[in-house]
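Trainee:
Numbering (this note's numbering), first residue to last: 10 to 358.
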């Protein structure tokens with residue numbers, strides 16, 4: 010009886026076994042080396058055909074034996090060393106590759122979005138390191154907004170040095186403008202710096218950079234005599250009462266009273282309401298409480314301590330309002346010359 014079983018089909022080109030190239034084997038070796046987490050993240054970015062080639066590469070490595078992975082990695086390292094000169098370009102090279110793959114707009118959005126804005130001293134270049142006296146001579150011929158922009162971007166001590174050398178009539182306007190600056194585009198700083206110094210270093214334009222001009226303005230005011238503080242704040246108040254009030258509130262705080270001399274603290278105690286002091290001390294540090302108690306008579310100190318112990322919960326807003334009221338009273342006494350508030354730049358002997 011003839012054998013009726015069908016003969017096995019002859020292999021066709023479509024069913025021929027796939028053979029992975031050396032590139033697939035190198036890719037498989039690298040993914041094995043970086044570990045499952047990184048490899049999994051890479052797999053999410055690949056298509057099915059690419060995953061298939063890597064799978065075949067891994068199978069080929071297994072068939073070749075234990076040394077196959079090491080050899081594939083060595084080949085990968087060798088291939089990377091041949092482009093070492095280009096790789097050193099780092100950000101520029103990757104940006105160029107991204108532009109070719111994604112287009113110029115998409116690459117710019119991607120790279121400019123992750124590059125941190127340059128610091129102000131890098132943007133201003135030589136201007137940020139200029140001698141305060143020389144810089145003041147240049148800035149006094151500029152518009153107040155330009156002066157405020159530059160000083161807000163300098164470190165505090167240098168800004169103070171420049172401000173002290175500016176004409177007195179210019180200072181209030183500059184301080185007022187500094188206190189309203191919140192962010193500055195590096196392109197603007199670069200243009201200002203180039204106008205002030207031909208040696209200013211150019212930097213890559215980035216996003217907006219936070220500038221705390223108000224903090225720098227406060228530091229300058231703190232280093233000024235009380236009478237000058239009152240004059241400057243008075244001129245600012247004529248244009249912006251709210252800003253002047255905020256600067257006054259932050260210029261000298263209730264916590265700063267701990268640095269007052271005993272004589273000055275005793276004078277302040279005679280000028281303020283005892284009940285307001287009790288509320289204010291509810292949120293004070295132990296050190297500040299002790300300073301007040303030490304400068305009262307024994308009987309008054311005992312009564313104040315008892316009031317504090319017996320006081321129930323107090324709203325934070327009430328405590329802050331009482332503290333601001335007492336701090337303002339201290340400022341007024343200092344402006345009248347009756348007490349001395351020590352400035353950070355002064356040394357007391």
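Even glycine gets a Cβ: it sits at the ideal position worked out from N, Cα and C.
Using the C-alpha atoms, what's the distance from residue 153 back to residue 314?
Mentor: Position 305 of the chain shown, counting from 1, holds the residue named residue 314. Position 144 of the chain shown, counting from 1, holds the residue named residue 153. Cα to Cα, the separation comes out at about 51 Å.
Trainee: Out of 84, 273, 291, state which residue places its alpha-carbon closest to the alpha-carbon of residue 324.
Mentor: By one-based count along the chain shown, residue 324 stands at place 315. Comparing Cα positions, the closest option is 291.
Trainee: Could you tell me how far apart the beta carbons of residue 82 and residue 49 are, in whole angstroms, since I believe they sit closer than 8 Å?
Mentor: If you number the chain shown from 1, residue 82 lands on position 73. If you number the chain shown from 1, residue 49 lands on position 40. Wrong, their Cβ atoms sit about 20 Å apart, outside the cutoff.
Trainee: Looking at the secondary structure, which residues open and close the alpha helix (DSSP H) in which residue 301 lies?
Mentor: As a first step, residue 301 is located in the chain shown; it is residue number 292 there, counting from the start. Run containing residue 301: 295–303, per the alpha helix (DSSP H) assignment.
Trainee: So, are the CB atoms of residue 191 and residue 222 less than 9 Å apart?
Mentor: Working through the chain shown from its first residue, we reach residue 191 at position 182. Working through the chain shown from its first residue, we reach residue 222 at position 213. Yes, Cβ-Cβ distance for residue 191 and residue 222 is below 9 Å.
Trainee: I'd like to check one pair, residue 340 with residue 257: are the Cβ atoms closer than 9 Å?
Mentor: Stepping through the chain shown from its first residue, residue 257 is reached at position 248. Stepping through the chain shown from its first residue, residue 340 is reached at position 331. Result yes, Cβ atoms of residue 257 and residue 340 sit closer than 9 Å.
Trainee: Any chance the segment 178–187 sits against the segment 230–247, with 3 or more Cβ pairs inside 8 Å?
Mentor: As far as the Cβ criterion goes, the segment 178–187 touches the segment 230–247, which means the pair count is three or higher.
Trainee: Since residue 312 is in the alpha helix (DSSP H), which residue starts that stretch and which ends it?
Mentor: Counting from 1 along the chain shown, the entry for residue 312 is found at position 303. Unbroken alpha helix (DSSP H) run through residue 312: 307–319.
Trainee: Should residue 260 and residue 269 be called a contact, given that it needs their Cβ atoms to be closer than 9 Å?
Mentor: Along the chain shown, read from residue 1 onward, the residue named residue 260 stands at position 251. Along the chain shown, read from residue 1 onward, the residue named residue 269 stands at position 260. It is not a contact, given that the beta carbons lie outside the stated cut-off.
Trainee: With 16 other CB atoms within 10 Å as the buried threshold, where does residue 204 fall?
Mentor: Here residue 204 is taken as the residue at index 195 of the chain shown, counted from 1. Residue 204 is exposed by the Cβ-count criterion.
Trainee: Look at the alpha carbon of residue 136 and the alpha carbon of residue 144, and state the distance between them as a whole number of angstroms.
Mentor: What you label residue 136 is simply residue 127 of the chain shown in a count that begins at 1. What you label residue 144 is simply residue 135 of the chain shown in a count that begins at 1. Spanning the two alpha carbons is a distance of roughly 8 Å.
Trainee: Where does residue 225 land, buried or exposed, given buried means 16+ other C-beta within 10 angstroms?
Mentor: Mapped onto the chain shown, residue 225 falls at position 216. Buried.
Trainee: Sorted by chain position, which residues of the same chain lie with C-beta nearer than 6 Å to residue 213's C-beta, five sequence neighbours on each side aside?
Mentor: As a position in the chain shown, residue 213 is number 204, starting the count at 1. Model confidence at residue 213 stands at a pLDDT of 29, short of 50, so the residue's coordinates are unreliable; what they give is reported in the following sentence. Answer for residue 213: no residue qualifies.
Trainee: From 30, 266, 149, 177, pick the residue whose C-alpha is nearest to that of residue 343; which is it?
Mentor: Counting from one through the chain shown, the residue named residue 343 turns up at place 334. It is 266.
Trainee: What residue does the alpha helix (DSSP H) around residue 330 start on, and which one ends it?
Mentor: Working through the chain shown from its first residue, we reach residue 330 at position 321. Run containing residue 330: 325–344, per the alpha helix (DSSP H) assignment.
Trainee: Would you report the Cα separation of residue 336 and residue 47, rounded to the nearest angstrom?
Mentor: Along the chain shown, read from residue 1 onward, the residue named residue 336 stands at position 327. Along the chain shown, read from residue 1 onward, the residue named residue 47 stands at position 38. One C-alpha to the other measures close to 58 Å.
Trainee: If you reduce the DSSP assignment to three classes, tell me which class residue 160 lands in.
Mentor: Sequence index remark: in the chain shown, residue 160 carries index 151 (1-based). Correct three-state label for residue 160: helix.
Trainee: Going by other Cβ atoms of all chains shown within 10 Å of its Cβ, with 16 needed for buried, is residue 52 buried or exposed?
Mentor: Position 43 of the chain shown, counted from the first residue, corresponds to residue 52. So residue 52 ends up on the exposed side.
Trainee: Whose CA, out of 253, 289, 249, 139, lies closest to the CA of residue 163?
Mentor: Within the chain shown, numbered from 1, the residue matching residue 163 stands at position 154. Here the closest residue by C-alpha is 139.
Trainee: Would you mind reading off the limits of the alpha helix (DSSP H) that contains residue 279?
Mentor: Residue 279 sits at position 270 when you count from the first residue of the chain shown. Element bounds for residue 279: 271–280.
Trainee: Alpha carbon to alpha carbon, what distance is there between residue 293 and residue 321?
Mentor: The residue you call residue 321 lines up with position 312 of the chain shown. The residue you call residue 293 lines up with position 284 of the chain shown. Going from the Cα of residue 321 to the Cα of residue 293 covers about 15 Å.
Trainee: In three-state DSSP terms, what is residue 245?
Mentor: Numbered from its first residue, the chain shown carries residue 245 at position 236. Three-state result, residue 245: helix.
Trainee: Can you tell me the Cα-Cα spacing of residue 176 and residue 147, whole angstroms?
Mentor: By 1-based counting over the chain shown, the position of residue 176 is 167. By 1-based counting over the chain shown, the position of residue 147 is 138. The straight-line gap from Cα to Cα measures roughly 12 Å.
Trainee: Quick check: the Cα distance between residue 231 and residue 45, rounded to an integer number of angstroms?
Mentor: One-based indexing of the chain shown puts residue 231 at position 222. One-based indexing of the chain shown puts residue 45 at position 36. For residue 231 and residue 45, the distance between alpha carbons rounds to 57 Å.
Trainee: Using a Cβ-Cβ cutoff of less than 6 Å, which residues in the same chain neighbour residue 157 once the five nearest sequence positions on both sides are dropped?
Mentor: Here residue 157 is taken as the residue at index 148 of the chain shown, counted from 1. Correct list, in chain order: 183, 186, 187.
Trainee: Is DSSP giving residue 233 helix, strand or coil here?
Mentor: Locating residue 233 in the chain shown gives position 224, counting from the first residue. Three-state result, residue 233: coil.
Trainee: Where do the ends of the alpha helix (DSSP H) carrying residue 63 lie?
Mentor: Taking the first residue of the chain shown as position 1, residue 63 is located at position 54. Segment 57–73, the alpha helix (DSSP H) holding residue 63.
Trainee: With distance defined between alpha-carbon atoms, name the residue in 247, 329, 251 nearest to residue 286.
Mentor: One-based indexing of the chain shown puts residue 286 at position 277. Measuring from the Cα of residue 286, the nearest candidate turns out to be 329.
Trainee: Between which two residues does the alpha helix (DSSP H) harbouring residue 258 extend?
Mentor: Translated into positions along the chain shown, residue 258 becomes position 249. First-last of the alpha helix (DSSP H) with residue 258: 250–260.
Trainee: In the DSSP assignment, find the alpha helix (DSSP H) that holds residue 141 and state where it starts and stops.
Mentor: Your numbering for residue 141 matches position 132 in the chain shown. Run containing residue 141: 141–148, per the alpha helix (DSSP H) assignment.
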